[in-house]
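Residue numbers are given in the working numbering: position 83 of the sequence shown equals residue 83, and the series is strictly consecutive.
Ideal Cβ positions, reconstructed from N, Cα and C, are used throughout, including at glycine.
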Amino acid sequence: MSQSFKIELPKVLSNLENANFQDIFYEEEPYLSNCMIANTIINKEVIEKLVVSKVIFKNVTFIDVSFRKIDLTDVIFENCDLSNSNLSEGIIHRVTFKNCKLLGLNLSEATLGNVSFENCIANLCNFSETRLKNVLFDNTSLQGANYYDCSLSKVRFYESNINEVDFSQTSLKGIDISTCKFERLNVTLESLHGCEVSTEQAVGFASLLGLIVKP
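(1) Would you kindly check if the distance between the Cβ of F21 and the Cβ of I47 is under 8 Å?
(2) Let me know if G90 comes out buried or exposed under the rule of 16 or more other beta-carbons within 10 Å of its beta-carbon.
(3) Secondary structure at L50, three-state DSSP: helix, strand or coil?
(4) To which residues of the same chain is R68 closer than 7 Å at the C-beta, ignoring the five residues directly before and after it?
(5) At which residues does the beta strand (DSSP E) containing S33 begin and terminate?
(6) In chain order, what residues of the same chain have a beta carbon less than 6 Å from the beta carbon of T140, not counting five sequence neighbours either side?
(7) Evaluate F57 with the Cβ neighbour count: other Cβ atoms within 10 Å of its Cβ, from every protein chain shown; 16 or more gives buried, anything less gives exposed.
(8) By the 10 Å Cβ neighbour count, where 16 or more other Cβ atoms means buried, how is L82 classified, buried or exposed?
(9) Name the residue from H193, F157, K98 whose alpha carbon lies nearest to the alpha carbon of N9.
(10) How many angstroms separate the CA atom of C180 from the CA atom of D64?
(11) Restricting to Cα atoms, I'd like to know which of D138, I92, T96 is closest to I177.
(12) Quick one: Cα of V55 to Cα of Q169, how far?
(13) To which residues does DSSP link F220 through a beta bridge?
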């Protein structure tokens, strides 16, 4: 990955004490901070406006959870499964998803800043109408993900699978997809203006214009 692309990493202590996710219900407001949640299953929880700060989730499986309007700051998810979880309309800042399963994760209408997805499976993830700034997708599978009507600023897709991704109504100006794999994208030529692509990809996009590229 280019060293020129940098994001702020989560500011989390390395010696956090283990805690139980259920501890939040002992607080006046749904709030979790300065702890580690590890080796557990969080099942069928529905919490709106949950605030999570300086927390590490490790080997945690989330099943049928809805955390709409969640506020995540300085959080690490490692080896977690958030498939089909609802984090829509959330504010997600300085967060790392590492080696996570994120199939169908709902991040629609959320705001992401300084967020990295590393070695994740995020097929069918929903980013529609989401604002992403300083966001890295590194070696992540995003097949069929939805980026409809997104705002992308300093977003990098690095060696990721973006096949069948929907970029409808989203400008890719200044976005580098040159190292990514895909056979088909849902994107308009107008949206591609200013997008950084490889030579091979450029040949493929040229066919959308009806051009015949000779060797």
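Walking through what the data contain:
(1) no
(2) By the beta-carbon neighbour count (other beta carbons within 10 angstroms, threshold 16), G90 is buried.
(3) coil
(4) E48, N86, S88, E89
(5) 31-43
(6) Beyond the five residues adjoining it in sequence on each side, T140 comes within less than 6 Å, by CB distance, of F117, C120, A122, S160 in the same chain, given in chain order.
(7) buried
(8) buried
(9) The identity of residue 9 in the sequence shown is Leu, whereas the question assumes Asn. Residue K98 is the option with its Cα nearest to L9.
(10) 31 Å
(11) D138
(12) 35 Å
(13) The question about residue 220 has no answer, for the chain in this structure spans 1 to 215.
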